[in-house]
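Okay, so here's the structure we're looking at.
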Amino acid sequence: MIKLTPDPPALRVRQDLSSEVALLHAHKHLACAIAATRQALEHSGSQAELLIQGVFYQVEVAKELVEVSLKNLRH
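Each step along the sequence shown adds one to the number in full-length UniProt numbering, with nothing skipped, and position 73 is 73.
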């Protein structure tokens, strides 16, 4: 099973990442979200709920990484 322990908010996304690195990290988080979604489909109850919460977390971090990438491309 994939470990989906959230990072402290201050450590989630570094603002000084290059656009390329930010997108690579976003890809990793989205891949984790996809894997967790597949696992959630195989479970029920609180375990599935925990996995889905992890999916939302991974997608949110990926979104922040894409925003960093876009910001860095504009500068």
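Built from N, CA and C at the ideal position, the CB exists for glycine as well. Treat the numbers as computed from the prediction; the structure is a model and nothing was measured.
Exposure of residue i, with buried meaning 16 or more beta-carbon neighbours within 10 Å
i   : result
H75 : exposed
G45 : exposed
A26 : buried
K71 : exposed
H62 : Before going on, a small fix: residue 62 reads as Ala here, not His. It counts as buried.
Distance, residue j Cα to residue i Cα
i   : j   : result
L58 : L73 : Residue identity differs from the one stated: residue 58 is Gln in this sequence, not Leu. If you take the alpha carbons of Q58 and L73, they lie about 23 Å apart.
L65 : L51 : 21 Å
A40 : L17 : 31 Å
Own chain partners of residue i with C-beta closer than 6 Å, once the 5 adjacent residues on each side are dropped
i   : result
S69 : S19, A22, L23
V55 : A33, A36, T37
Cut-off 7 Å between Cβ atoms - residues of its own chain near residue i, not counting five sequence neighbours on either side
i   : result
Q15 : V68
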